[in-house]
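What follows is a short report on a single structure.
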DNA sequence: CTACTTGCAAACTTTTTGCTTGCGA
DNA sequence: TCGCAAGCAAAAAGTTTGCAAGTAG
């Protein structure tokens, strides 16, 4: 499944006229492979063995490219750095308030919320974000 | 209502053993008065007439105090600075993707989501956050 | 009185930018 | 070849910290 997802993603980039490079390929495939919604720093550390000279700017640049093409979503949390999620199916996140881990979960779509919110606020609503916060299994055990 | 809310808040701070200062009072009452979920910079600009020497550090310090005592909530969004919300009733936010404005809306509690998420992820869930994104009325007209 | 607050500036973190060199198509 | 991409370092932007001086209780 991951292999197919990579092919689809590569096709999407090609169609958008985005040039492929080893670094770009590595970042993308790492994102698709992991389920951990890594930060820029985690990506950087994971790939520095293969690309000792790669700079963080390259990672940021590529993440923006992926975001523009619609291959990844940026998750932002107050204190910490952004995390990047290459799972583009509609889903939600459970965020650990202790260690920052992010885990996906699925739930029936909340389209009705968007409608209600639009009515209540006068906004033209186009998307929504739902997250639950708490302790992940690891942190629960350790505490 | 705002006046009572201020009294309640002051009492809460007193009970927590927090000393009152003119700056602290001004920041708190500004937060309770406004509905606009201001950023630190907005608070700073609003109060610089009354407190020409007040530094942003003072605002950050006080916001942390208020947060610790449970008087305000910090809202964080990727690109921009944090916003601070002194409405502690359970409610949700509509965020303008163009100008960053944040408007409250109410919706039946999503307690069920927390349960489902806990079951699906193994997290011990303690809270959730729901936001809708789109264009606010002003930005809709201008575009 | 004295511990908590303020004000100020410097430090820190994360992300962006400018510019030169390199490389994919 | 030609322009996009990478690497690097410096700059932004937001937030935090350390310390001296002031003040609430």
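Protein chains in written order, with this note's numbering: chain D, 24 to 166; chain V, 24 to 166.
Glycine residues also receive a C-beta, built at the ideal position from the N, C-alpha and C atoms.
In this text the structure is predicted, and so the values were computed from the model without any measurement.
Do you know whose CA, among the options, lies nearest residue i's CA?
i, options, result
"residue 49 of chain V", "V:81, V:40, V:39, V:156", "V:81"
"residue 91 of chain D", "D:146, D:157, D:56, D:40", "D:40"
"residue 86 of chain D", "D:34, D:118, D:60, D:122", "D:60"
"residue 159 of chain V", "D:163, D:27, D:116, D:142", "D:142"
"residue 118 of chain V", "V:55, V:103, V:47", "V:103"
"residue 161 of chain D", "V:165, V:156, V:145", "V:145"
"residue 27 of chain V", "V:44, V:52, V:95", "V:52"
"residue 45 of chain D", "D:73, D:30, D:116", "D:73"
"residue 70 of chain V", "V:47, V:36, V:35", "V:47"
"residue 42 of chain V", "V:54, V:75, V:84, V:108", "V:84"
"residue 156 of chain V", "V:126, V:131, V:164", "V:126"
"residue 140 of chain V", "D:135, D:116, D:96", "D:116"
"residue 107 of chain D", "D:135, D:131, D:64", "D:64"
"residue 54 of chain D", "D:110, D:37, D:164", "D:110"
"residue 62 of chain D", "D:32, D:96, D:38", "D:96"
"residue 32 of chain V", "V:75, V:88, V:58", "V:88"
Please list, in chain order, all residues of the same chain as residue i whose beta carbon is under 7 Å from its beta carbon, the five residues on each side excluded.
i, result
"residue 137 of chain V", "148, 151"
"residue 133 of chain D", "151, 153"
"residue 129 of chain D", "114"
"residue 56 of chain V", "25"
"residue 35 of chain V", "92, 94"
Can you tell me whether residue i is helix, strand or coil according to DSSP?
i, result
"residue 60 of chain V", "coil"
"residue 25 of chain D", "helix"
"residue 72 of chain V", "coil"
"residue 42 of chain V", "coil"
"residue 78 of chain D", "coil"
Leaving out five residues on either side along the sequence, give the residues of the same chain with a beta carbon under 8 Å from the beta carbon of residue i.
i, result
"residue 67 of chain D", "77, 79, 82"
"residue 121 of chain D", "158, 159, 162, 166"
"residue 29 of chain D", "51, 52, 55"
"residue 37 of chain V", "43"
For residue i, I'd like the list of residues in its chain whose CB is within less than 6 Å of its CB, leaving aside the five on either flank, ordered along the chain.
i, result
"residue 99 of chain V", "105"
"residue 124 of chain V", "159"
Please go through the stretch 89-146 of chain V and give each complete beta strand (DSSP E) segment of 3 or more residues, from N-terminal end onward. 96-98, 106-108, 115-119, 125-128
For the stretch 145-156 of chain V, enumerate the residues whose C-beta is nearer than 7 Å to any C-beta of chain D, in chain order. 145, 146, 147, 148, 149, 150, 151, 152, 153, 154, 155, 156
Mind listing which residues of the stretch 104-120 of chain V have their C-beta closer than 8 Å to chain D's C-betas, in chain order? 105, 115, 117, 119, 120
Give the residues from the stretch 74-103 of chain V that approach chain D closer than 9 Å (Cβ to any Cβ), ordered along the chain. 97, 98, 99, 100, 101, 102
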